[in-house]
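Q: Position in the sequence shown (from 1) plus 11 gives the number in my numbering.
We treat Cβ as the ideally placed atom computed from N, Cα and C, and that holds for glycine.
Just so you know, these numbers come straight off a predicted model, no measurement behind them.
My structure is below; once you've seen it, I'll send some questions.
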Amino acid sequence: MTFHAETTLAGYARAAVHLKGRMVDYGRTSFARQYLRAYLDAAFEGSDATATPEVLDAVDRLTHQPWQLGEPYVLAPEMSAVVAAAAEALDLTGDVVPDDVAPSDGGVLFLPEPIYHRGLHGQVTSIGAVTWAKMRNRATGSTDWWIIGWADRDDPLEPSAARRRSLYAEQPQLAAELGPYVLTSSARLPIGRPVQDRPGPPVVDDDDIEWEPAPDGRFCIDESTVRVNAVAAIAYAFWVIQAQPLTTVSAAPLDRAARRRAKRDNVVHETRVVMLRRRKAITDRDNGEARWHYRVRFFVKGHWRHLVNADGQPYRIWIHRHIKGPDGAPLLLGDAVSILAR
12 MTFHAETTLA GYARAAVHLK GRMVDYGRTS FARQYLRAYL DAAFEGSDAT
62 ATPEVLDAVD RLTHQPWQLG EPYVLAPEMS AVVAAAAEAL DLTGDVVPDD
112 VAPSDGGVLF LPEPIYHRGL HGQVTSIGAV TWAKMRNRAT GSTDWWIIGW
162 ADRDDPLEPS AARRRSLYAE QPQLAAELGP YVLTSSARLP IGRPVQDRPG
212 PPVVDDDDIE WEPAPDGRFC IDESTVRVNA VAAIAYAFWV IQAQPLTTVS
262 AAPLDRAARR RAKRDNVVHE TRVVMLRRRK AITDRDNGEA RWHYRVRFFV
312 KGHWRHLVNA DGQPYRIWIH RHIKGPDGAP LLLGDAVSIL AR
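Next up, the structure:
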């Protein structure tokens, strides 16, 4: 089960629970630890850092625990370009990232429409999921956001996925051991400390560059041009945008089978779908200029309406609970609000 065929909130919730469960199973395998060690060895190449057993244990927890304990979020397809554009323009140099900027201390962001990422060597990979968790350094006492970018293994448009499929054909056991998402990038953002200026990209020999085009019509972030690591920029842009008025965060309903699976796998399953807030156009009335234009539908509580009769005597009438606004408009202000004063 993937997001490729899902278009409803319930479908997104089912897919999120299913994929979280599969990634939890993958994170418990010895192959996941071997893959993480190989990733760290490549990341530490050319530096004094080494993947000691203690470092590997800590990074293993930060990388795989959010799939089980992190709160799941699904970014609606129409939001991918919004988040990608904000991430590409983001510059956090000198900014202090607060402790509560993220909607939760640990989480998983699913992107049914992936954001693509071109690395320093020109190769394009998808970012189909992003996980985050808080990391505390016991030696220094500092705290950071640990952010991981995951490629959708079955993305039909990603060039790297095509290379992986050819590798799976040669090594079928590899396909069986990998999870639905593949770790491709990582980043750290300091909490409560100024973000340091990012050093310029390393010089890459032209012979080592294999430039690949991004899929048509999809947003691609070039690592060599952004001021913040691409996966960190995507996570930070999502954190900020999901709290803005232009978006709505809806709890997705979960069917009984998916709830049973979540309970069996012991995963957090209260999935939230982040969408653009929908607005209805104002329609003119036939009886002159309207005193009120309702863009949303909401319930009005029962209340007393105070009036004055022709003799100047005040009186009141009881207005029963009713619905205000056009049919079919979304409920944006909750289940009930007081009537607006004229």
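Using CA coordinates, which residue listed in 44, 39, 66, 56 is at the minimum distance from residue 150?
A: The residue you call residue 150 lines up with position 139 of the sequence shown. When only C-alpha atoms are compared, the closest one is 66.
Q: Applying the 10 Å Cβ sphere with the 16-neighbour rule, what's the burial state of residue 319?
A: By one-based count along the sequence shown, residue 319 stands at place 308. Burial call: exposed.
Q: Do the region 112-123 and the region 131-151 meet, that is, are 3 or more Cβ pairs less than 8 Å apart?
A: Contact between the region 112-123 and the region 131-151 is present, because at least three Cβ pairs lie under 8 Å.
Q: Using the rule of at least 16 other Cβ atoms within 10 Å of the residue's Cβ for burial, across every protein chain shown, is residue 313 buried or exposed?
A: Here residue 313 refers to the residue found at position 302 of the sequence shown. It is exposed - the Cβ of residue 313 has fewer than 16 other Cβ atoms within 10 Å.
Q: Which complete beta strand (DSSP E) runs does the region 168-219 hold, if anything under 3 residues is left out?
A: List check, beta strand (DSSP E) in window: 192-201.
Q: Quick one: using the 10 Å Cβ neighbour count with 16 as the cut-off for buried, is residue 178 buried or exposed?
A: Taking the sequence shown and counting its residues from 1, one reaches residue 178 at position 167. Exposed, because fewer than 16 other Cβ atoms sit within 10 Å of the Cβ of residue 178.
Q: Going by beta carbon distance, what residues of the same chain come within less than 6 Å of residue 156, once the five residues before and after it are set aside?
A: Counting from 1 along the sequence shown, the entry for residue 156 is found at position 145. Around residue 156: 143, 200.
Q: Please classify residue 186 as buried or exposed, where buried requires at least 16 neighbouring CB atoms within 10 angstroms.
A: Within the sequence shown, residue 186 is the residue found at index 175, counting from 1. That one is exposed.
Q: Expressed to the nearest angstrom, what Euclidean distance is found between the alpha-carbon atoms of residue 86 and residue 207?
A: Here residue 86 corresponds to residue number 75 of the sequence shown, with the count starting at 1. Here residue 207 corresponds to residue number 196 of the sequence shown, with the count starting at 1. Roughly 29 Å separates the two Cα atoms.
Q: Mind checking which residues open and close the beta strand (DSSP E) that includes residue 140?
A: In the sequence shown, counting from the first residue as 1, residue 140 sits at position 129. From DSSP, the beta strand (DSSP E) with residue 140 extends over 135-147.
Q: Starting from residue 233, follow its DSSP beta bridges and name the residues at the other end.
A: On the sequence shown, residue 233 is found 222 positions in, with the first residue counted as 1. Looking at the DSSP assignment, residue 233 forms a beta bridge with 129.
Q: Quick one: what does DSSP say residue 102 is sitting in, helix, strand or coil?
A: Indexing the sequence shown from 1 puts residue 102 at position 91. Correct three-state label for residue 102: coil.
Q: Consult DSSP for residue 354 and reduce its assignment to one of helix, strand or coil.
A: Past the boundaries of the shown model lies residue 354; the chain is included only from 12 to 353, so the question cannot be answered.
Q: Could you have a look at residue 270 and say whether DSSP puts it in helix, strand or coil?
A: For the purposes of this step, residue 270 is taken as the residue at position 259 of the sequence shown. Here residue 270 sits in helix by DSSP.
Q: With C-beta atoms as the reference, is residue 35 less than 8 Å away from residue 193?
A: Within the sequence shown, the letter at position 24 stands for residue 35. Within the sequence shown, the letter at position 182 stands for residue 193. Cβ distance not < 8 Å, so residue 35 and residue 193 don't count as in contact.
Q: What separation, rounded to the nearest whole angstrom, lies between the Cα atoms of residue 82 and residue 270?
A: Stepping through the sequence shown from its first residue, residue 82 is reached at position 71. Stepping through the sequence shown from its first residue, residue 270 is reached at position 259. Their backbone Cα atoms lie some 15 Å apart in a straight line.
Q: One question on the structure: do residue 125 and residue 164 come within less than 8 Å of each other, judged by their Cβ atoms?
A: As a working note, residue 125 is residue 114 in the sequence shown. As a working note, residue 164 is residue 153 in the sequence shown. Cβ atoms of residue 125 and residue 164: not closer than 8 Å.
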